[in-house]
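Line by line, the protein sequences give chains A, B and C. In terms of the numbering used here, the first sequence opens at residue 1 and continues consecutively. In terms of the numbering used here, the second sequence opens at residue 466 and continues consecutively. In terms of the numbering used here, the third sequence opens at residue 589 and continues consecutively. Here the structure comes first, spelled out in structure tokens, and everything after it is commentary.
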Amino acid sequence: MSLLLFILLPLLAIFLMPFYRAYLHYVSTVLSMALFGLALTCKAALPLVERVAVDLPLAITFELSSVSWLLVTLFTLSMSLFSLYHLRFSSNKALFVGTNMLLVGVIGLVLSRDIFNIYIFFEISSISAYLLTSLNQDAKAYGGAIRYMIIGAFASLFFLLSIMLIYLTIGVLDLQMIAQRFNLIDEQVQYLILLSLFIALGIKTELFGLNFWVPDVYQASRSAVSGLFSAMLSKSYLFLLFHLAYLLHVSTSQMAFLTLVAALTFAVAEFSALKSRETKRIFAFSTLGQIGLIALALSYGDTALTEAALFLIIVHALAKLMLFLALDLLERRLGSTKSEIFARFESLFLMAVFTVGALSLLGIPPFAGFAAKLSLLKGLAGLEAYGAMALILTVSLIEAAYLFRLLSGFRQGEQKMVVTLSPLERLIFGVMMFALLLLGLMPQPLLALCQEAAQAMLGGYHAAL
Amino acid sequence: MFDSLHPLITMISLAIFGVALLGVLVKKNLFKIFLAFSVAESALFLFFIGNHYTPGLKAPIAADGITRFDPAFMVDPLPQAMILTTIVIGIAVSALGLSMVIRYYKLTGHMRIDKMDELGEEQ
Amino acid sequence: MLHFEATLLGHLFFGLSLLVIVALLRKNDGLWHLLLLGSLGIIFYASSLVTLFIGWEMMGWSGYFILSKTARVSTLQRYILFNLGGAFALLGAIALLFSFMGSMMLCDIDLTLLPVWALHSVSALVLIAVFVKSGIIGAHDWVVDSYQEASPLFSAVLSAILSKAGIYLFIVLLLKQPHDERVLFELMAWLGAITSVVATFKAISQDEIKRLLAYSSIAQLGYIITALSLMQAYALEAALYHTVIHTLVKLLLFVNVAAIMAITGKERFSELGGLLYRVPLLFVLLVIGIIALAGMPLLGGFNGKFLLYTALLEEKRALLLATVMFSSASAFLYCYKLVYGIYLGQRPHDESPLHVSPKSYYIPQLLSAALLILLGFLPALPTPLFSAIGVEAGFSALEFTKPSILNSPFGSFNGAVLMSAFGVVFVLILGLLQRVHSKAKAAQNAQDISYCGEVPKAGVNLHFGYGMGHELGRIGFIAFILRRQSRRFWDYLNLIVGDLSILLRSLYALGTQHILLLSLLGFTLLLLGGL
Chain A
1 MSLLLFILLP
11 LLAIFLMPFY
21 RAYLHYVSTV
31 LSMALFGLAL
41 TCKAALPLVE
51 RVAVDLPLAI
61 TFELSSVSWL
71 LVTLFTLSMS
81 LFSLYHLRFS
91 SNKALFVGTN
101 MLLVGVIGLV
111 LSRDIFNIYI
121 FFEISSISAY
131 LLTSLNQDAK
141 AYGGAIRYMI
151 IGAFASLFFL
161 LSIMLIYLTI
171 GVLDLQMIAQ
181 RFNLIDEQVQ
191 YLILLSLFIA
201 LGIKTELFGL
211 NFWVPDVYQA
221 SRSAVSGLFS
231 AMLSKSYLFL
241 LFHLAYLLHV
251 STSQMAFLTL
261 VAALTFAVAE
271 FSALKSRETK
281 RIFAFSTLGQ
291 IGLIALALSY
301 GDTALTEAAL
311 FLIIVHALAK
321 LMLFLALDLL
331 ERRLGSTKSE
341 IFARFESLFL
351 MAVFTVGALS
361 LLGIPPFAGF
371 AAKLSLLKGL
381 AGLEAYGAMA
391 LILTVSLIEA
401 AYLFRLLSGF
411 RQGEQKMVVT
421 LSPLERLIFG
431 VMMFALLLLG
441 LMPQPLLALC
451 QEAAQAMLGG
461 YHAAL
Chain B
466 MFDSLHPLIT
476 MISLAIFGVA
486 LLGVLVKKNL
496 FKIFLAFSVA
506 ESALFLFFIG
516 NHYTPGLKAP
526 IAADGITRFD
536 PAFMVDPLPQ
546 AMILTTIVIG
556 IAVSALGLSM
566 VIRYYKLTGH
576 MRIDKMDELG
586 EEQ
Chain C
589 MLHFEATLLG
599 HLFFGLSLLV
609 IVALLRKNDG
619 LWHLLLLGSL
629 GIIFYASSLV
639 TLFIGWEMMG
649 WSGYFILSKT
659 ARVSTLQRYI
669 LFNLGGAFAL
679 LGAIALLFSF
689 MGSMMLCDID
699 LTLLPVWALH
709 SVSALVLIAV
719 FVKSGIIGAH
729 DWVVDSYQEA
739 SPLFSAVLSA
749 ILSKAGIYLF
759 IVLLLKQPHD
769 ERVLFELMAW
779 LGAITSVVAT
789 FKAISQDEIK
799 RLLAYSSIAQ
809 LGYIITALSL
819 MQAYALEAAL
829 YHTVIHTLVK
839 LLLFVNVAAI
849 MAITGKERFS
859 ELGGLLYRVP
869 LLFVLLVIGI
879 IALAGMPLLG
889 GFNGKFLLYT
899 ALLEEKRALL
909 LATVMFSSAS
919 AFLYCYKLVY
929 GIYLGQRPHD
939 ESPLHVSPKS
949 YYIPQLLSAA
959 LLILLGFLPA
969 LPTPLFSAIG
979 VEAGFSALEF
989 TKPSILNSPF
999 GSFNGAVLMS
1009 AFGVVFVLIL
1019 GLLQRVHSKA
1029 KAAQNAQDIS
1039 YCGEVPKAGV
1049 NLHFGYGMGH
1059 ELGRIGFIAF
1069 ILRRQSRRFW
1079 DYLNLIVGDL
1089 SILLRSLYAL
1099 GTQHILLLSL
1109 LGFTLLLLGG
1119 L
């Protein structure tokens, strides 16, 4: 059993593509479900560390800690649901290559313990994301993809710069060793490295000030692909950013800066969604808002809050993926993603899907979002961060305003198109809704896993404070 | 005396990097923007390799009498491997970008970044 | 995750909910109503703050989905935003309490441990939730439209039950806990009193029946809030008594109105009138309802008011008492409008045949009328229960001799005697009137008012209930009240937030190179600032 399987299997599947060109959707489904199963079986053996090539400092290390296990499981699960949803459609080469590369990229990002390796997965995930954005092959899609590429190339310049500075000053690439020797670096260069990393990862994590391109990219992509971005891509960078921050023991004031940026990400994105009439952009703004919320929780470097943030990552990934897949379904039937489409279809099942998704995003019981929001608020209360609590509650009301505006569309409109779902689609959405309900009613098992993961993620961060 | 080359290399690569960034920021032609990114990347490569170069050490090739991995006796091979990898990635990204620019040009008849207005609220 | 505990207070509130919802249960949206009942059960039997909140939110959104079948989008948005606003305030209070108590159980709450600012904040946040749910003036913007646009039977649920959840919340979180918060309670007493005055006058000036009842509901909750804010045993009894009465009365009235709307298809006073002879039983039931609503002696309605007045007197709150009495007296006007506008007066000239039989609407009304009459005979019947609840909440026990005698600090009265005496007098007067009536001549034509020097045409509405309340606009301070609208404030807020949203949104429409430039500028500034 090797961790490399998570990376090699999808890559192998891509290389062998010519042999099963007509069955790509089946291959993708089987592969992602197999990887999900594989991830589940790894649980007992945590933490898994695997060295490729010779020895330190040349070795490339992969580590499956309880936090990366949680994320890998989430990613493979999201990918399985995504592929299951696409079973109905014909085999699509670009989609197959793009999604599987994205899977490799995000899994690699959370598994790698080597900063140059992280850079490679950074680029793999970016290239696949560009490819996926352009999937529709119209001017909109290419426009969005080109915009994405320019911003992405800019981010990778800064990432490269920080890697080079690290290697030039301390001569190591392994994260643990970087963490050990980071203090040896001249303080000003340290700051430059951290700042470059912040710019590079901030763009990818979609933090405020660096995220103005996000709604365009989501709008240009297919809805289902946006769901994948929301569930996998942004989450892996969120992990990476804070993993590095904890590992490098950034100062309290720098963490406070991250808190500020996260709060701005949350508030500005939710406000911006209020008057939008384009559902994809609304969901993109909502994703940004949730990322801000998660980043806010992570930026305190507190176990309880990190636990809540990890729980929120999972819950949000599920809810957003479900919403985007449902939107994709609507987009295919009605040919539009403007918010008016909510008044133009008739399907009790889809209405339930959107409702459950929106309620979960809002953190309204009994759905999973509530358990996440509650543990978040409890954590903030424990730190006496009353300002952040007030912000979250106030901005949630704005979030409620636009999500319920979307939901109220159900009862408008005269000529409605009856949308029927295939049994498989019902199964996928049913499972996701059930999962959101179950996690809302019984969050303890997952919260326990998140707590374990939070301790692994924080490592020695707390001790240093 | 060779040590004094490092600041010079840093300054030169920084200058190239600056020019390239300027190109990224002000050029309107998508092709030129991607070109500018390539130049910026090259500037970084120059910066890294140049600063890492120490004269007088052996090349890291087993045939040259190197028996074990020790950067004290040989030139560190890692930066070169890194840069080679990065160049490959850079080429891949540029190729993808330029092919998308071509597709975009075929669909819209222009490749100016300030005219890209397909996306946004009123679509 | 869910923790429950059976308390007398919970039994009281849940019993009322059960009564109302079962009485109103219909097949078409029965499932949602059962969900609503379930969420109320969670609220009233919750023993932890989280459980309470879960029920609270479920109540909010299940109400939303019932309402969404009939209401307009803007009303729905108002409903959900106000309710979520209240709920989030409650969540804030819960999180704040948790940060000091380290526990989510209700029994672990000890408000005396809070520092002053935290006590103020928790009380204020809980009060926001309470005020929104009960529709206290300022936070009542969602109430009237929702009541009006809800299906007739759901209006009854909204008014009779959902508005009481706020009262329960207050008792559980603030009244039961010892603390020395005074400022906010003083404010609350006056807000309640002012609410009752303002809502009473707003009610009088309404032309739509359900809007009138909605405002009346707001006014009644104002009394309850005032009573609660006194933090005293008899005042608590008054509040609970009033809660029970108001639930029964609003159940009766809304179902009565629902019946009228179902059989005539009309919902305005100006379109109705003279239904007395067509549906006499509905008339009798309505009269019972409004006697209780107005708090006139005899029926149950008086008991709550009596306790409130005496409690206010005992606390020496003369100004508050005067305000409450003023609004209570003014309430006769809208009660009158209700009776006259629908059942008496002139029949509309375009009167149509009755659509359906009102029979299916009788049961809930008869039930609640019977209970109101019972409480008239035995006013102290629920006193032991209220007393026990008061003791649970840390107040002294109430004086209780026998069910027919209601005690207060300022004396008592015997309901059975009073009712019997009234019955005798009523029968006597009825007989007298019957004799007089036999000599009276029936009017040939309702339009014939030639004594007044004019004979209006057939289309002119001489109906007394018609236009009633307009003349109030000429009275200076009432006109002032009627002109005030909190809606303008909320609309303005909505406008500002919308503009802010569009302004912020323009950030996300920046060109690619501008975004890069901004990032680079940020990088440079941070670099220079940090070095």
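Virtual Cβ for every residue (Gly too), placed ideally from N, Cα, C.
With contacts defined by Cβ atoms closer than 8 Å, L886 of chain C and F998 of chain C do not form a contacting pair.
Exclusion of the five residues before and after F116 of chain A leaves I163, L173 as the residues of its chain whose Cβ lies within less than 7 Å of its Cβ. Contact of R344 of chain A with chain B is not assigned, every C-beta pair being separated by 8 Å or more.
Take Q808 of chain C, set aside five residues on each side of it, and the residues of its chain with a beta-carbon closer than 6 Å to its own are H834, in chain order.
Spanning the alpha carbons of M432 of chain A and I118 of chain A requires a straight line of approximately 31 Å. Taking a C-beta cut-off of 7 Å against chain A, the contacting residues of the stretch 656-680 of chain C are S656, V661, L664, Q665, I668, L669, L672, G673, F676, L679, G680, listed in chain order. Taken in chain order, the whole alpha helix (DSSP H) runs of length 4 or more contained in the stretch 909-976 of chain C are 950-965. If you look at F410 of chain A, you'll find it isn't in any beta strand (DSSP E); DSSP assigns it neither H nor E. Uninterrupted beta strand (DSSP E) stretches at least 3 residues long and entirely within the stretch 68-128 of chain A do not occur. Taken through DSSP and simplified to helix, strand or coil, F894 of chain C comes out as helix. Inclusion of D114 of chain A and T169 of chain A in the CB contact set at 8 Å is not warranted, their separation being larger than that value. Within 10 angstroms of the beta-carbon of S90 of chain A lie fewer than 16 other beta-carbons, which makes it exposed. If you compare the alpha carbons of A:R21, A:L8, A:L458 with that of Y246 of chain A, the shortest gap goes to A:L458. At a cut-off of 8 Å between beta-carbon atoms, V489 of chain B makes contact with chain C. Look at T61 of chain A here: in three-state DSSP terms it is strand.
M819 of chain C and V1012 of chain C have their C-alpha atoms spaced approximately 40 Å apart.
With respect to chain C, the C-beta atom of I578 of chain B has a partner C-beta closer than 8 Å. For R51 of chain A, DSSP records a beta bridge to A:T61. In the structure shown, F592 of chain C falls within a strand segment according to DSSP collapsed to helix, strand and coil. Bounds of any alpha helix (DSSP H) do not take in L4 of chain A, whose DSSP letter is neither H nor E.
Flagged as an interface residue toward chain A: L584 of chain B, by a C-beta distance shorter than 8 Å. In this structure, the straight-line span from the alpha carbon of S128 of chain A to that of F121 of chain A is close to 10 Å. Note that the C-beta distance between A1009 of chain C and L966 of chain C is not below 8 Å. Scanning its chain for C-beta atoms nearer than 6 Å, with the 5 sequence neighbours on each side dropped, one finds around S503 of chain B the residues S559, in chain order. For the stretch 1074-1103 of chain C, the set of residues with a beta-carbon nearer than 8 Å to any beta-carbon of chain B comprises R1093, A1097, G1099, T1100, Q1101, in chain order.
Under the 10 Å beta carbon count, D698 of chain C is surrounded by fewer than 16 other beta carbons and is classified as exposed. When DSSP states are grouped into helix, strand and coil, L1108 of chain C belongs to the helix group.
Within the same chain, P740, E855 come within 6 Å of M849 of chain C by CB-CB distance, once the 5 residues on both sides are set aside. By a beta-carbon distance limit of 8 Å, I498 of chain B does not contact I199 of chain A. Their separation comes to about 18 Å.
In the structure shown, the three-state DSSP call for M819 of chain C is coil. Rounded to the nearest angstrom, the gap between the Cα atoms of S339 of chain A and L329 of chain A is 14 Å. If you check the CB distance, L348 of chain A and I341 of chain A do not come in under 8 Å.
Boundaries of the alpha helix (DSSP H) around S234 of chain A: 234-247.
Legend: CB atoms of the stretch 533-565 of chain B lying less than 8 Å from CB atoms of chain A belong to residues F534, P536, D541, L543, P544, M547, T550, T551, I554, A557, V558, L561, G562, M565. Look at the beta carbons and you see the stretch 185-203 of chain A not touching the stretch 281-295 of chain A: under three pairs across the two are nearer than 8 Å.
Closest by C-alpha distance to S32 of chain A, out of A:R21, A:L87, A:S68, is A:L87.
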